[in-house]
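Numbering (this note's numbering), first residue to last: 1194 to 1530.
What follows is the structure, encoded as structure tokens:
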């Protein structure tokens, strides 16, 4: 009865349950204002759902802020709504990987924010990118400990291309540097120290990771750029500027230029930042750009390294790239000795 009463109180900020593609995922979404019968109904629904799909160990975890199920050696995935409180950016749900150690009471875990390509969906990192398998393997090598991974939506829609910046296309940069970190720190047991945070991605997501690491290094002093471009694009430079600001006057061009990674790197020093650049050896379009970005980052004082993997511009490179860089990330984020 005491547990039921507690659930009724929690129901004021109730969490709706959603099943995505048959995987055991939870979804943290907006609250309900009604108590009483509404709360009782939600409790009954959560219990029934739990009995049906064995998603949560208890009804309380079905209504908690971070529903996880502990299985030795394996992490869990949860779907979450991360609202654009400050940015007003309309993002799709994110997916969070919680390592087994999270459920064992580990706190102050580091955070890795991952971004997809464009077009893209967060599920791309889960399925083709083999994120759960990569993180579970890392945890198995390190006593069940791994970063909390947030696969965030930096697009807003599968085909959208907001160029990972604040513009007429939406405030994607503010969403990823302000709203996402604030939500994660408020809802998950993770480190609040930016030195324990990293951002990474492939293709568009790799470009975005470099953009955020150069324009907001206090938010993401560590980054992983996999097959990224040397600047954000929507066609030609003129087309990109017009898409961002509605015109391509000299003032608009200068405004855009101030946000491009190579320009930012050429004008600033980043002694506290570190990054990894990985690209496919056969990626004729993106490899030269990733190389240029690497050289610019090194010249700006960043602690960076560069590597090539067999393959072109595909998951054949992107999934192994994350696996390859996990030990470096774990050390950089303070997880490993």
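Here a beta-carbon is modelled for each residue, glycine too, at the ideal position from N, C-alpha and C.
> Leaving out the 5 sequence neighbours to the left and right, which residues in its chain are closer than 6 Å to residue 1518 when beta-carbon positions are compared?
Replying inline: 1417, 1469
>> Output needed for residue 1513: all residues of its chain with C-beta closer than 7 Å, excluding positions within five of it in sequence on either side, in chain order.
In response: 1502
> Enumerated in chain order, which unbroken segments of the beta strand (DSSP E) with a length of 3 residues or greater are wholly contained in the stretch 1456-1515?
Replying inline: 1467-1473, 1496-1502
> For residue 1387 versus residue 1355, is the C-beta distance shorter than 8 Å?
Replying inline: no
> Roughly how many angstroms lie between the CA atoms of residue 1526 and residue 1499, to the nearest whole one?
Replying inline: 19 Å
>> Which residue wins for smallest C-alpha separation from residue 1516, given the options 1345, 1394, 1294, 1390?
In response: 1394
>> Need the endpoints of the alpha helix (DSSP H) that residue 1434 sits in, please.
In response: 1430-1438
> Where are the beta strand (DSSP E) runs, 3 residues long or more, that stay fully inside the stretch 1278-1305, in chain order?
Replying inline: 1287-1291
> What residues in its chain sit with their C-beta under 6 Å from that of residue 1308, if we drop five residues either side in the sequence?
Replying inline: 1347, 1394, 1398, 1401
> Whose C-beta lies closer than 6 Å to the C-beta of residue 1494 among residues of the same chain, with five residues either side of it excluded?
Replying inline: 1462, 1463, 1464
> Would you call residue 1428 buried or exposed, if buried means 16 or more other Cβ atoms sit within 10 Å of its Cβ?
Replying inline: exposed
>> Using CA atoms only, rank isn't needed, just tell me which of 1372, 1481, 1391 is closest to residue 1524.
In response: 1391
> Less than 7 Å between the CB of residue 1475 and some heavy atom of the ligand ZN, yes or no?
Replying inline: The ligand ZN is not part of this structure, which contains no ligands at all.
>> Suppose the cutoff is 6 Å on Cβ atoms and the five residues either side in sequence are ignored; what does the same chain contact list for residue 1339 look like?
In response: 1292, 1328, 1331, 1332
>> Between the alpha carbons of residue 1352 and residue 1372, how many angstroms are there, rounded?
In response: 22 Å
>> Give me the DSSP bridge partner(s) of residue 1314.
In response: According to DSSP, residue 1314 bridges with nothing at all.
> Less than 8 Å separating the beta-carbons of residue 1476 and residue 1420?
Replying inline: yes
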